[in-house]
Amino acid sequence: MSRPVSPPATSTTPAVDPLPTDLGSSRGRVLRSLLHDRLGVIGGSLLLLVVAAALLAPWISPYPPTQVHFETPFQQPRTVGFPLGTDDLGRDILSRVLHGTRASLQVGLLAVLLSVVVGTPLGLLAGYWRWLDGIVSRLTDLVLAFPFLVLAVGLAAIRGASLSNAAIALGLAHVPQMIRVVRAETLRLEGAEFVLAARTMDASGARILATHVLPNAVPSIIVQATVIMPAVVIGEALLSFLGLGIQPPTPSLGIMLSDAQQYIFRAPYAALFPGLAIAVICLAFNLFGDALRDAIDPGGSR
Amino acid sequence: MTGPVTSQDQSQGEFLRIEGLDVGYTTSAGQQQVLHGVDLSVGRGQTVAVVGASGSGKSTTAAAAIGLLAGNGRITGGRICVAGEDVTHALRGGDEARLRRLRGRQIGLVPQDPMSNLNPSARIGRQVAETLVVHGLAKGAAARERAVELLQEAGIPDAGRRAKQYPHEFSGGMRQRVLIAIALAAEPELLIADEPTSALDVTVQRQILDHLQELTRARGTSLLLITHDLGLASDRCDDVVVMSEGRVVERGPARRILATPEHDYTRALVAAAPSVAARTAPRTRPAVAAVAAGRRGEPPVLEVRDLVKEFRVRGQREKLRAVDGVSFTVPAGTTTAVVGESGSGKTTTARLVLGLEEATSGSVLVRGESLSSSGRARRRAVRRDMQPVFQDPYGSLDPTMTVEKLIDEPLRIFAVGDPRSRRTRVAELLDHVALSRTLAQRRPAELSGGQRQRVAIARALALDPKLVVCDEAVSALDVLVQQQVLQLLERLQEDLGLTYLFITHDLAVVRHLAHDVLVMRRGRVVEHGSVDDVFERPQHEYTVDLLSAIPGRAA
């Protein structure tokens, strides 16, 4: 019960700063926890690999992805000059997989960003103001009831098939998920005693949402983003496979799969490698997302 | 570890013997030792209490003795003997069959939380019968019949019908009786009760403990009672073992420990135990009349008139009256305690006063002004005069904010001063609540429960309020910390002339702090008077009941 030893001079002279300054947040703890999770380390390493491949694709690819070698079609993997072989037009599969990964992540990032930017505010509003909840929830039901392929076809028909339109369709399709997660977090946090305390300080609803609810909901939003990401990557492959996404000759993992099915018995590896790339991307995000959730909320799992 | 204990006379009349027990937890920070050479013994038919604050290792000791340590916990040294047989190896997980025989048949466990320890989707009777079937004591219809008998013995009326019901149809006290029935089903020789009544109201707590003791006495079962409440332990146990920071600091007959504690920690614990102090310590607070006289002419800080709050209950046409015509006034500079059990409407009253709920009818006036009065400026002025301190120091502070930001927030909302003057004010407030200024950039997760509650108090004081509403503000804290926070509140009242509305279920802490006491039951005020009158000359039979349920009569 003894008072702390503090020279009274500091509290009266305004020239001296009475308090220490912020030393940083709990980021170190989250990082340490991630490094202790074996699956998290594997997922993180895979993720780094995938991101590096996507970023560096223009520089590390042996050939431009669209360069055709008519003299050497259907080269087996491990051929000199073509580590993963070539397709029917003699294009280098390694170069195309690297560029396809780049395109997949581009679509993924755009779509996730869209779902976060649209979903988070709607989720916050629906969770905090009950009268809005009915409206927002019916709207999300509407989007959920609408098959996402129909949405994508419609968008492609109106605006033309392209990378950005695929991203918009995929992003919109995942907005309801984000709304639901943020709404649930808001409902949970709204009853928390620190929000009650803020209300007794006459804090406005906007202030409570911005300073108390949103910062505490960020971990859930990040985790949800890592869940949406692989779904979007697969979605992009699907749209491109159907010709509704990225247009040839721009390489995309989905287009490569679509092309490869015509000669699947002659050159199965032409389908194998892009398929593998999709699997690795999804695995990386799933593993890392799981580990991230455990690291951010250590009380949740154990 | 090394086979059965050979010397029989050593374990004569002794059922459980723990020698030099070390337990460690493996965490990301490495191995953390939580028990250091704990010695403990429970004789046949004896009742022993283990007392200590949270984190003292009392629950870990109990968990080790029944092989229920958390996944990362391990017995790293010492041994545990049951009925003269060394079972350390089995408890370490080396002998699954032996462990199963030990649990239930030899040692039964009554867990702390009756809400989460029953399967919500299985009928009560089946859950009791399951224990009998698992241990091969009965089958089919015989098990079902025996289960009903056990429930009856555990004090559940109309057990035959109740056995067909689900846990959600039982109250907290009734669920704890079910858990006692389950623990006793296989007729163990030792019952470990880990804070069996901490989650229950005092009057229910007394019934449950009385019944538990009757049952164990009748059967000659030994009882190891784990509790944080020294008063409760001394009432009901032959021997008391006091633990602190993973070590046994003192042991002996209950009366001796209470009367002449030897270890410093025990002495502090005895002095702090509110249930004991409530009966022994003389009143030091001036009477409310004296305080009020010094401020004659000042209007009461809080005036509550005919407050009513009705809730609509799902599936029922009649509305529930949580608060039913409550009126009282709190004079400036005094403390009024609102006491009652769960469901008495005391917390709803606090929320109505704070304006967190809309009253169905009636009014709340803070210095003559109402929160519902029109005009944002006046409403803000009322808010400024009245600040809360909530029960849960873990829940009432935003975990993403630093201590400085937390205390600073009300100042920012009310746009008081500039950033520099606000920092000075935060430093001053930290001094007020006796927290080091070096803690200003910590986040709540890096603080202890007591420190957090001090931050919450500092935040409540930031705007110089007249009235502080403490909703169970010390209920979640350990006794020693609780005493410190109560002393802090008392000092702040004297220094700053604060008025407190103090909501609590714990009559014992009231005597320390309150001038007036309001006893609530089922939404109504059943008694209202000065602390001395309520404690010494209670008028209502419910108050008498509440008072006699405070443990610590042995003192």
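As you go down the protein sequences, you meet chains X and C in turn.
Final position of the first sequence in my numbering is 304; the numbers increase by one with none missing.
Final position of the second sequence in my numbering is 689; the numbers increase by one with none missing.
Virtual Cβ for every residue (Gly too), placed ideally from N, Cα, C.
Keep in mind it's a predicted model, so treat the numbers as computed, not measured.
Quiz item: Would X:Leu25 count as contacting chain C if we go by Cβ distances under 8 Å?
Solution: Legend: pLDDT at X:Leu25 = 45, less than 50; position of this residue unreliable, no value from coordinates given.
Practice problem: Measure from the C-beta of X:Met258 to each C-beta in chain C and report whether the shortest distance is under 8 Å. | Solution: Taking Cβ atoms only, chain C never reaches closer than 8 Å to X:Met258, which makes this a no.
Self-check item: Under 8 Å from the C-beta of C:Gln521: neighbouring residues of chain X
Solution: Contacts between C:Gln521 and chain X, judged by CB atoms closer than 8 Å, involve Thr202, Met203 in chain order.
Quiz item: For a contact meaning CB atoms closer than 7 Å, what does X:Phe196 contact in chain C?
Solution: Under the 7 Å cutoff, chain C gives Gly529, Ser530, Leu531, Asp532.
Quiz item: When you compare only the Cα positions, how much space is there between C:Arg413 and X:Thr122?
Solution: Here the model assigns C:Arg413 a pLDDT of 49, short of 50, so the residue's position is not dependable and the matter cannot be decided.
Self-check item: Straight-line Cα distance separating C:Thr194 from C:Thr279
Solution: One detail in the question is off: residue 279 of chain C reads as Glu in this sequence, not Thr. So the alpha carbons of these two residues sit roughly 35 Å apart.
Quiz item: Relative to the C-alpha of X:Val52, which residue among X:Gly92, X:Leu36, X:Thr103, X:Pro60 is closest?
Solution: It is X:Thr103 whose Cα lies nearest to the Cα of X:Val52.
Quiz item: Does the stretch 382–390 of chain C touch the stretch 347–354 of chain C, meaning 3 or more C-beta pairs lie closer than 8 Å?
Solution: Contact between the stretch 347–354 of chain C and the stretch 382–390 of chain C is absent: fewer than 3 CB-CB pairs across the two stretches fall below 8 Å.
Quiz item: Three or more beta-carbon pairs under 8 Å between the stretch 240–250 of chain X and the stretch 158–165 of chain X, yes or no?
Solution: Yes, since at least three Cβ pairs between the stretch 240–250 of chain X and the stretch 158–165 of chain X fall closer than 8 Å, the two stretches touch.
Practice problem: Anything in chain X within Cβ reach of C:Phe524, meaning under 9 Å, just list it in chain order. | Solution: Residues of chain X passing the Cβ test: Glu195, Phe196, Leu198, Ala199.
Quiz item: Does C:Leu614 have its Cβ less than 8 Å from a Cβ in chain X?
Solution: Closer than 8 Å: no.
Quiz prompt | Under the three-state DSSP convention, the category C:Thr536 falls into | solution = C:Thr536 carries a coil assignment under DSSP once its states are collapsed to helix, strand and coil.
Exercise. Buried or exposed for X:His176, please, with buried defined as at least 16 other CB atoms from any protein chain shown within 10 angstroms of its CB.
Key: The residue is buried, with at least 16 neighbouring Cβ atoms inside 10 Å.
Quiz prompt | Cross-strand partners of C:Arg213 (DSSP beta bridge) | solution = C:Glu153.
Quiz item: Does DSSP put X:Thr142 in a helix, in a strand, or in coil?
Solution: DSSP, reduced to helix, strand and coil, places X:Thr142 within a helical segment of the structure shown.
Practice problem: Would you mind working out which of X:Asp39, X:Pro178, X:Leu126 sits nearest X:Leu144, comparing C-alpha positions? | Solution: Nearest of X:Asp39, X:Pro178, X:Leu126 to X:Leu144, Cα basis: X:Pro178.
Quiz item: Using the C-alpha atoms, what's the distance from C:Gln585 back to C:Ala574?
Solution: Approximately 12 Å between the Cα atoms of the pair.
Exercise. Have a look at C:Val464, C:Ser476, C:Thr468 and flag the residue whose alpha-carbon is nearest the alpha-carbon of C:Val487.
Key: Minimum Cα distance to C:Val487 is reached at C:Val464.
Quiz item: Going along chain C in order, which residues have a C-beta closer than 7 Å to the C-beta of X:His214?
Solution: Those are Asp532, listed as they occur along chain C.
Quiz item: Would you call C:Lys453 buried or exposed, if buried means 16 or more other Cβ atoms sit within 10 Å of its Cβ?
Solution: Exposed: under 16 other Cβ atoms inside 10 Å.
Quiz item: Counting contacts by CB-CB distance shorter than 8 Å, is C:Leu488 in contact with chain X?
Solution: By the rule that beta-carbons nearer than 8 Å mark a contact, C:Leu488 touches chain X.
Practice problem: With 7 Å as the limit, tell me which residues of the stretch 536–550 of chain C have their beta carbon closer than that to any beta carbon of chain X; keep them in chain order. | Solution: Taking a C-beta cut-off of 7 Å against chain X, the contacting residues of the stretch 536–550 of chain C are Thr536, Glu538, Glu543, Pro544, Ile547, listed in chain order.
Quiz item: Closest Cβ-Cβ distance between C:Arg413 and chain X: below 8 Å?
Solution: Confidence in C:Arg413 is poor, its pLDDT being 49 and thus under 50, which makes the residue's placement too unreliable to answer from.
Quiz item: Taking the DSSP output, what are the residues bridged to C:Arg501?
Solution: Looking at the DSSP assignment, C:Arg501 forms no beta bridge with any residue, so it has no partner.
Quiz item: Which one of X:Arg132, X:Cys284, X:Gly83, X:Pro217 has the shortest CA to CA distance from X:Gly238?
Solution: Here the sequence assigns Glu to residue 238 of chain X, which means Gly is not the residue at that position. By alpha-carbon distance to X:Glu238, the top candidate from X:Arg132, X:Cys284, X:Gly83, X:Pro217 is X:Cys284.
Exercise. Go to C:Arg439, then tell me how far its beta strand (DSSP E) extends in each direction, as first and last residue.
Key: Run containing C:Arg439: 436–445, per the beta strand (DSSP E) assignment.
Quiz item: Rounded C-beta distance between C:Glu675 and C:Val668? I'm assuming under 8 Å.
Solution: In fact, because the Cβ distance is near 13 Å, the residues do not count as touching under 8 Å.
Quiz item: Going along the chain, which unbroken runs of the beta strand (DSSP E) with 3 or more residues stay wholly within the stretch 230–288 of chain C?
Solution: The DSSP assignment places 241–244 as complete runs of the beta strand (DSSP E) inside the stretch 230–288 of chain C, in order along the chain (cut-off: 3 residues).
Self-check item: Assigned exposure category for X:Val220 - 16 Cβ within 10 Å defines buried
Solution: Under this definition X:Val220 is an exposed residue.
Exercise. Would you please verify whether the beta carbon of C:Arg514 is less than 8 Å from any beta carbon of chain X?
Key: True, the Cβ-Cβ gap to chain X drops below 8 Å.
Quiz item: When burial is assigned at 16 or more other CB atoms within 10 Å of the CB, is C:Arg512 buried or exposed?
Solution: Exposed, since its Cβ has fewer than 16 Cβ neighbours within 10 Å.
Quiz item: What are the boundary residues of the beta strand (DSSP E) that includes C:Met377?
Solution: 373–378 is the span of the beta strand (DSSP E), which, as asked, contains C:Met377.
Quiz item: Residue range of the alpha helix (DSSP H) that C:Arg455 falls in?
Solution: It is not in any alpha helix (DSSP H) - C:Arg455 instead sits in the beta strand (DSSP E) that spans 454–464.
Self-check item: Delimiting residues of the alpha helix (DSSP H) encompassing C:Ile326
Solution: C:Ile326 -> not in any alpha helix (DSSP H); beta strand (DSSP E) instead, spanning 324–328.
Quiz item: Are the stretch 307–322 of chain C and the stretch 233–241 of chain C touching, with three or more C-beta to C-beta distances below 8 Å?
Solution: Cβ pair count under 8 Å is three or more, so yes.
Quiz item: Is X:Met203 helix, strand or coil by DSSP?
Solution: Three-state DSSP puts X:Met203 in coil, outside helix and strand.
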